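J.:
Number of protein chains: 2
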Amino acid sequence: MPPTMKEKILDAAEKRVRGAGFSAMSFRDLAGDVGIKSASVHYHFPTKPDLGEALVDRYTSQFKEQLDQIDTSDLQTALNSYVALYSQALVLDESICLCAIMGAEAIGLPKNVNQKTKTFFKMNRTWLLELLQRKGVQNPDDTSCLIVAALEGGMIVASPSNDRAIFDQIAKAAIQSVTKI
Amino acid sequence: MPPTMKEKILDAAEKRVRGAGFSAMSFRDLAGDVGIKSASVHYHFPTKPDLGEALVDRYTSQFKEQLDQIDTSDLQTALNSYVALYSQALVLDESICLCAIMGAEAIGLPKNVNQKTKTFFKMNRTWLLELLQRKGVQNPDDTSCLIVAALEGGMIVASPSNDRAIFDQIAKAAIQSVTKI
DNA sequence: TTGCGACTATCTATCAGTTGATAGGCAATC
DNA sequence: GATTGCCTATCAACTGATAGATAGTCGCAA
Numbered sequence: 001m002p003p004t005m006k007e008k009i010l011d012a013a014e015k016r017v018r019g020a021g022f023s024a025m026s027f028r029d030l031a032g033d034v035g036i037k038s039a040s041v042h043y044h045f046p047t048k049p050d051l052g053e054a055l056v057d058r059y060t061s062q063f064k065e066q067l068d069q070i071d072t073s074d075l076q077t078a079l080n081s082y083v084a085l086y087s088q089a090l091v092l093d094e095s096i097c098l099c100a101i102m103g104a105e106a107i108g109l110p111k112n113v114n115q116k117t118k119t120f121f122k123m124n125r126t127w128l129l130e131l132l133q134r135k136g137v138q139n140p141d142d143t144s145c146l147i148v149a150a151l152e153g154g155m156i157v158a159s160p161s162n163d164r165a166i167f168d169q170i171a172k173a174a175i176q177s178v179t180k181i
Numbered sequence: 001m002p003p004t005m006k007e008k009i010l011d012a013a014e015k016r017v018r019g020a021g022f023s024a025m026s027f028r029d030l031a032g033d034v035g036i037k038s039a040s041v042h043y044h045f046p047t048k049p050d051l052g053e054a055l056v057d058r059y060t061s062q063f064k065e066q067l068d069q070i071d072t073s074d075l076q077t078a079l080n081s082y083v084a085l086y087s088q089a090l091v092l093d094e095s096i097c098l099c100a101i102m103g104a105e106a107i108g109l110p111k112n113v114n115q116k117t118k119t120f121f122k123m124n125r126t127w128l129l130e131l132l133q134r135k136g137v138q139n140p141d142d143t144s145c146l147i148v149a150a151l152e153g154g155m156i157v158a159s160p161s162n163d164r165a166i167f168d169q170i171a172k173a174a175i176q177s178v179t180k181i
């Protein structure tokens, strides 16, 4: 089935937020992107906080689906697949992780959006924690925290330089730390 | 000597950007903060990119000054002092590191601002690298990258939850990884 | 000493463009 | 005939930026 207008709006919003941030995205931008008027965007998402909440919610669900498809039989392979998801999210000069920017802007964002962003990070940490515990890794709690922070931070450090190598190096270092903390 | 108007504007701008982001900050906000009119802010900083550049530049200089005051005779003490600088920058519900948000917004920001943000991260990595090399730590290059990313990312992960414990845990894990990568 | 020009730092007033949001109409569908 | 999904039209507020006026300060020459 073809995407609904609601989905098309969310697609456009995700692209814009991941590119320039939540506060830099407007209803008129989105309307232009999907070929309707801004008043019609308000029909689907009454307010900007509503839109933001739906956006992070959908992003989290989609990310979770991808996590669930990762083959976790081998630890190193699983971690590499996990990093690959973040690596995919980082398209230099185009986009970073949605929740990296939502987290960075958090102080100025509505509470409902922050709640959803919090859930995204929590979900990531939980997934990693379970994996590391199952594999008998030492300090799984600290390590899962570190990996999520390093990957999100890696995008932010790499983005102004537009240098993918920095992100890759950080990701590599984060994975190496697993077996050694 | 009392702060100049230029400095007062930068102070106000830093507070606002670290709270809500660069694109969410306006010349009128700043004018109100320091008690002049927005046209007068333009006198000191002709355009918004000019202001952004000066802002990151000053932030980097001030951070560098603090780095240079750290006692580096003992590795653990030095790392703890380094983390303390970031910890200071993270005032939950109020502000995160200026360059965390500038890095997150990078794609939509003017080039001159990104250049300065890049310099901030580079300066951090260089300082850490020299410290780790001097102390004979293994893989100093990877490790310095990881620490910067983890701390910046730690703020972003902690901010939506408004939970300082998450940042502290990440910082601890990052420091622990030094002796073990 | 006086006076003049340049400079600094602010002001008022204004601009065109954008913002999130609402009211109300209109056609298609169920 | 109610609901859905869009539309036009409009709103007050805000945005970055500019033009031009004004008052104060400083250095220097008559």
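From first to last, the protein sequence lines stand for chains G and B.
One point on numbering: in UniProt numbering, the residue at position 157 of the first sequence is 157, and numbering is uninterrupted.
One point on numbering: in UniProt numbering, the residue at position 118 of the second sequence is 118, and numbering is uninterrupted.
We treat Cβ as the ideally placed atom computed from N, Cα and C, and that holds for glycine.
As the structure is a prediction and not an experimental result, all values here were calculated from the model.
Is it the case that the Cβ atoms of residue 154 of chain B and residue 175 of chain B are separated by a distance below 8 Å?
T.: no
J.: So that I know if they touch, is there some Cβ in chain B lying closer than 8 Å to that of residue 154 of chain G?
T.: yes
J.: Starting from residue 170 of chain B, follow the alpha helix (DSSP H) in both directions and report where the run begins and ends.
T.: 164–178
J.: On the three-state DSSP scale, how would you describe residue 56 of chain B?
T.: helix
J.: Step through the CB atoms of chain G and report whether any lies within less than 8 Å of the CB of residue 169 of chain B.
T.: Interface residue, yes.
J.: Alpha carbon to alpha carbon, how far is residue 166 of chain B from residue 160 of chain B? Give it in angstroms, no decimals.
T.: 11 Å
J.: Write down the C-beta distance between residue 72 of chain G and residue 131 of chain G rounded to the nearest angstrom, noting that I regard them as a contact closer than 8 Å.
T.: Separation of the CB atoms of residue 72 of chain G and residue 131 of chain G is rounded to 6 Å, and the pair is thereby assigned contact status at 8 Å.
J.: In the DSSP assignment, what are the bridge partners of residue 91 of chain G?
T.: G/95
J.: Less than 7 Å between C-beta atoms, sequence neighbours within five positions excluded: which residues of the same chain meet that for residue 127 of chain G?
T.: 67
J.: Buried or exposed: residue 65 of chain B, going by 16 or more other Cβ atoms within 10 Å of its Cβ?
T.: Result: exposed.
J.: Of all Cβ atoms in chain G, is any one closer than 8 Å to the Cβ of residue 121 of chain B?
T.: yes
J.: Residue 33 of chain G to residue 129 of chain B, Cα distance in whole Å?
T.: In this structure, the CA atom of residue 33 of chain G is about 45 Å from the CA atom of residue 129 of chain B.
J.: Please check if any C-beta of chain B sits within less than 8 Å of the C-beta of residue 135 of chain G.
T.: So no, residue 135 of chain G is outside the interface.
J.: Specify the secondary structure class of residue 4 of chain G as computed by DSSP and reduced to three states.
T.: coil
J.: Grab me the residues of residue 150 of chain G's own chain with a C-beta within less than 7 Å of its C-beta, minus the 5 sequence neighbours each way, in chain order.
T.: 170, 174
J.: Scan the segment 108–155 of chain B and note each continuous alpha helix (DSSP H) run of 4 residues or more that stays entirely inside, going in chain order.
T.: Complete alpha helix (DSSP H) runs here, min 4: 111–134.
J.: Closer than 8 Å by beta-carbon distance: list the chain B residues that pair up with residue 2 of chain G, in chain order.
T.: The contacting residues do not exist; residue 2 of chain G stays about 29 Å from chain B at best.
J.: Using a C-beta cutoff of 8 Å, does residue 106 of chain B count as contacting chain G?
T.: Chain G, which has a Cβ nearer than 8 Å to the Cβ of residue 106 of chain B, makes this yes.
J.: Determine, using beta carbons only, whether residue 80 of chain G comes closer than 8 Å to chain B.
T.: Closer than 8 Å to the CB of residue 80 of chain G there is not a single CB belonging to chain B.
J.: Please state the DSSP three-state secondary structure of residue 25 of chain G.
T.: The three-state reading of DSSP puts residue 25 of chain G in coil, since its state is none of H, G, I, E or B.
J.: With distances taken Cα to Cα, identify the nearest neighbour of residue 18 of chain G among B/113, B/98, B/108, B/162.
T.: B/108
J.: Please list the partners that residue 118 of chain B has in chain G, where partner means a Cβ-to-Cβ separation under 7 Å.
T.: 160, 161
J.: Using a cut-off of 9 Å between C-beta atoms, extract the partners of residue 114 of chain G located in chain B.
T.: 159, 160, 161, 162
J.: Alpha carbon to alpha carbon, how far is residue 144 of chain G from residue 177 of chain B? Give it in angstroms, no decimals.
T.: 13 Å
J.: Restricting to Cα atoms, I'd like to know which of B/95, B/146, B/134 is closest to residue 22 of chain B.
T.: Here the closest residue by C-alpha is B/95.
J.: Name the chain B residues whose beta carbon is nearer than 8 Å to that of residue 148 of chain G?
T.: 153, 157
J.: Taking Cβ positions, are residue 103 of chain G and residue 70 of chain B nearer each other than 8 Å?
T.: no
J.: Of all the CB atoms in chain G, is at least one closer than 8 Å to the CB of residue 103 of chain B?
T.: yes
J.: Just checking: is the beta-carbon of residue 172 of chain G within a distance shorter than 8 Å of some beta-carbon in chain B?
T.: yes
J.: Is residue 65 of chain G helix, strand or coil by DSSP?
T.: helix
J.: Quick one: does residue 182 of chain G have its CB under 8 Å from some CB of chain B?
T.: What the structure shows of chain G is the stretch from 1 to 181, and residue 182 of chain G is not part of that stretch, so it cannot be assessed.
J.: For residue 119 of chain B, collect the residues of the same chain with a Cβ closer than 7 Å to its Cβ; drop the 5 residues on either side in sequence, then sort them by chain order.
T.: Residues 60 of the same chain have their beta carbon placed closer than 7 Å to that of residue 119 of chain B, with the five preceding and five following residues left out of the count.
J.: Please tell me whether residue 13 of chain G and residue 55 of chain G are closer than 8 Å, where the distance is taken between their beta carbons.
T.: yes
J.: Expressed to the nearest angstrom, what Euclidean distance is found between the alpha-carbon atoms of residue 90 of chain B and residue 43 of chain G?
T.: Spanning the two alpha carbons is a distance of roughly 38 Å.
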